[in-house]
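Chemist:
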Amino acid sequence: MNSKMRNHIEALFEKAPKTRKAFELKEELLANSEERYQDLISNGVTPEDAYKNVISSIGNVSELFQDLSDTEPAINLGVHQKKVAIIKTISIGLYILGVVVFFSFALLGDILHTNIDFSLLGLILMLFIDIIPTCLLVYIANISPKYSKAEDTIVEEFKEWKSDSMKLKSVKQATYSVLWTLTVFLYFLISFITFAWYATWMIFLIAICAQAIIELCFRMKELK
Amino acid sequence: MSLTSDVIRGHTEPIILSHLIEKDSYGYQINKEILEKTDDMYEMKEATLYSAFRRLEKAELIISYWGDETVGARRRYYSITEKGRKAYEKYKKEWETTKSIIDRLLNIGGKSNEQ
């Protein structure tokens, strides 16, 4: 194989993405170029002319690299989904841990046969533990890949807009689910501690208010 | 000449399929056969050919496999799928229609038909 030709092809692929597809394409191009070169030589063409012929027959390879990099975001998306799944699992685990901590502390007084009530301490600890998964869930809702414009067309803009609004929707949903889980939990918790069942239902009214406020915030953001 | 190559380039994919219907082939061979069939009038750029291969593969009209050459670089062979054959047949019919419309609109052989 003409080393000049090989060098030329290697140089062409310098800017190509370093993917398996790109390497395969290079190998394919090398094989075909070599055969073309050998054919030309055996037809009596001088090596210099044969080299020029082969190079000019390759054409514009940059359009090919576009195809090769197409596969990259797909791989990244897979990695991203895995990350999201792990974070979600950890979050749920932490919520459960919080509940376990609370009940452990609540029962601690009985186990130690003392009259000290540890349940308030348990509650505070649980709330502290719950901060982590809540932050994680908000974080993953925010890192969802934004649809990046591939072409400057109305269709692309529509896709981008759709992707944006979908993302916002998922953040909203996550916030609501955290809000209501917390509400129900706090309702039972406070009720069992205080036995003030006649008053504790008010917490649901507060939650509805909170939801309305969150909704308002999202609307304001959408309008921007 | 530029009209010719532009029009032909638009038909790269069915041209490849028509070659693969006869037998499995690889890039350079297909290009060589195109050159022979057109009496050296038309030849595809490698880049054009490969991007067409990639599109056809994505659409599952062809599949590729590596040859077992012991000397030199390995060749990448392409083979047409059942889906590819169907697409080719459909394309052929569409081209017949298109050709007859263009012929009529450009009055190629149309005058004698009308009289």
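Quick note, the sequences are listed as chains A and B, same order. Position 91 of the first sequence, counting from 1, maps to 91 under my numbering, and the rest follow consecutively. Count along the second sequence from 1, add 1000, and you get the number used in my numbering. Beta carbons are placed, not taken as given, at the ideal position from N, Cα and C, and that holds for glycine.
1. Indicate whether glutamate 34 of chain A and alanine 1073 of chain B have their beta-carbon atoms separated by less than 7 Å.
2. If you measure beta-carbon to beta-carbon, which residues of the stretch 1-30 of chain A are closer than 9 Å to chain B?
3. Cα separation between leucine 108 of chain A and valine 99 of chain A?
4. Any C-beta of chain A sitting closer than 7 Å to the C-beta of lysine 1037 of chain B?
5. Would a check of beta-carbon distances place tyrosine 1028 of chain B closer than 7 Å to chain A?
6. Give, in chain order, every residue of the stretch 1071-1087 of chain B whose Cβ lies closer than 8 Å to some Cβ of chain A.
7. Out of A/Ile208, A/Gly59, A/Tyr37, point me to the one whose CA is closest to aspartate 49 of chain A's CA.
8. Counting only the same chain and skipping the five closest in sequence on each side, list residues whose C-beta sits under 7 Å from that of alanine 1052 of chain B.
9. To the nearest angstrom, report how far apart isoleucine 96 of chain A and phenylalanine 102 of chain A are at their CA atoms.
10. Valine 61 of chain A: which of A/Ile9, A/Ile87, A/Lys52 sits nearest, CA to CA?
11. Per DSSP, which residues does tyrosine 1026 of chain B bridge with? Please list them.
12. Can we count lysine 1045 of chain B as close to the ligand HEM, meaning its CB is less than 6 Å from some heavy atom?
13. Rank B/Thr1070, B/Trp1066, B/Glu1069, B/Lys1086 by C-alpha distance to the C-alpha of glutamate 1060 of chain B and give the top, closest one.
14. Note down the Cα distance separating serine 91 of chain A from leucine 120 of chain A, rounded to an integer number of angstroms.
15. When DSSP builds the beta bridges, which residues end up paired with tyrosine 51 of chain A?
16. Rounded to the nearest angstrom, what separates methionine 1044 of chain B and serine 1025 of chain B at their Cα positions?
17. Any beta-carbon of chain A closer than 7 Å to the one on aspartate 1006 of chain B?
18. Using the DSSP secondary-structure output, state which residues sit across from serine 1064 of chain B in a beta bridge.
19. How big is the Cα-Cα spacing for cysteine 135 of chain A and alanine 16 of chain A?
20. Reducing DSSP to helix, strand and coil, say where leucine 1106 of chain B ends up.
21. Given this structure, state the Cα-to-Cα distance separating leucine 29 of chain A from tyrosine 176 of chain A, to the nearest angstrom.
22. Any beta carbon from chain B within less than 7 Å of isoleucine 41 of chain A's own beta carbon?
23. Buried or exposed: where does leucine 1056 of chain B fall if 16 or more other Cβ atoms within 10 Å of its Cβ makes it buried?
24. Hey, would you say isoleucine 132 of chain A sits closer than 7 Å to leucine 186 of chain A, going by beta carbons?
25. Give me, in chain order, the residues of the same chain whose beta-carbon lies closer than 6 Å to that of glycine 1084 of chain B; leave out the 5 immediate sequence neighbours on both sides.
26. Would you say alanine 1052 of chain B lies against chain A (beta-carbon separation less than 7 Å)?
27. What is the DSSP secondary structure of alanine 196 of chain A, reduced to helix, strand or coil?
28. Can you confirm whether glycine 59 of chain A, when its beta carbon is compared against all beta carbons of chain B, has any partner nearer than 7 Å?
29. Flag leucine 97 of chain A as yes if its beta-carbon sits less than 7 Å from any beta-carbon of chain B, otherwise no.
30. Could you tell me whether any Cβ in chain A is nearer than 7 Å to the Cβ of alanine 1047 of chain B?
31. Taking only the alpha-carbon atoms, compute the straight-line gap between tryptophan 1066 of chain B and methionine 1041 of chain B and give it to the nearest angstrom.
Modeler: In short, the structure shows the following:
1. Result yes, Cβ atoms of glutamate 34 of chain A and alanine 1073 of chain B sit closer than 7 Å.
2. So the close ones are Met1, Lys21, Glu24, Leu25, Glu27, Glu28, Leu29, Leu30.
3. 14 Å
4. no
5. yes
6. Gly1072, Ala1073, Arg1074, Arg1075, Arg1076
7. A/Tyr37
8. Thr1012, Glu1013, Ile1016
9. 10 Å
10. If we check each option's Cα against that of valine 61 of chain A, A/Ile9 comes out closest.
11. B/Tyr1077
12. For the structure depicted, the ligand HEM is absent and the ligand set is empty, with no information on it obtainable.
13. Comparing Cα-Cα distances from glutamate 1060 of chain B to each of B/Thr1070, B/Trp1066, B/Glu1069, B/Lys1086, the minimum goes to B/Lys1086.
14. 23 Å
15. Paired residue(s): none; tyrosine 51 of chain A is not in a bridge.
16. 15 Å
17. no
18. B/Tyr1078
19. 39 Å
20. In the three-state scheme derived from DSSP, where H, G and I count as helix and E and B as strand, leucine 1106 of chain B is classed as coil.
21. 55 Å
22. no
23. buried
24. no
25. Leu1017, Leu1061, Ile1062
26. Proximity of alanine 1052 of chain B to chain A, defined by a Cβ-Cβ separation below 7 Å, is not satisfied.
27. coil
28. Judged by the 7 Å Cβ criterion, glycine 59 of chain A is in contact with chain B.
29. no
30. yes
31. So the two alpha carbons sit approximately 30 Å from each other.
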